[in-house]
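For what it's worth, my numbering labels the leading residue of the sequence shown as 6, then goes sequentially.
For each residue, glycine too, the CB sits at the ideal point set by N, CA and C.
A quick note: this is a predicted structure, and the numbers were derived from the prediction, not measured.
Accompanying notes for the structure given below.
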Amino acid sequence: MNYFTKFCSREARKEIDYVNKTLVQWLKRKYKTVKKSKRKAWRMLVHLANSKTKLFYHWEEGIKPTIG
Numbered sequence: 006m007n008y009f010t011k012f013c014s015r016e017a018r019k020e021i022d023y024v025n026k027t028l029v030q031w032l033k034r035k036y037k038t039v040k041k042s043k044r045k046a047w048r049m050l051v052h053l054a055n056s057k058t059k060l061f062y063h064w065e066e067g068i069k070p071t072i073g
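Structure (structure tokens):
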């Protein structure tokens with residue numbers, strides 16, 4: 006991951022964004038409270054990224070999702 010973030014940062018960012026968007030879709034399917042709201046799902050993902058940083062490698066490296 007270090008190679009790609011250093012030399013192909015735009016492509017790496019696209020891939021990381023894709024992973025985060027996929028996680029938001031999963032959260033919307035899994036939890037009724039965020040089912041209809043993309044914003045609430047993103048907030049939940051940001052909260053997860055800040056509270057459980059070891060869940061995904063890119064979160065552990067400090068590349069976390071942001072809102073807006």
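Legend entry - Contacting residues, own chain, Cβ-Cβ under 6 Å from residue 70 (five flanking each side not counted): 25, 50, 51 and 54
Inset, instruction - Quick one: using the 10 Å Cβ neighbour count with 16 as the cut-off for buried, is residue 31 buried or exposed? - result: exposed
Inset, instruction - Following the continuous alpha helix (DSSP H) through residue 50, name the residue where it begins and the one where it ends. - result: 43 to 56
Legend entry - Secondary structure of residue 71, DSSP reduced to three states: coil
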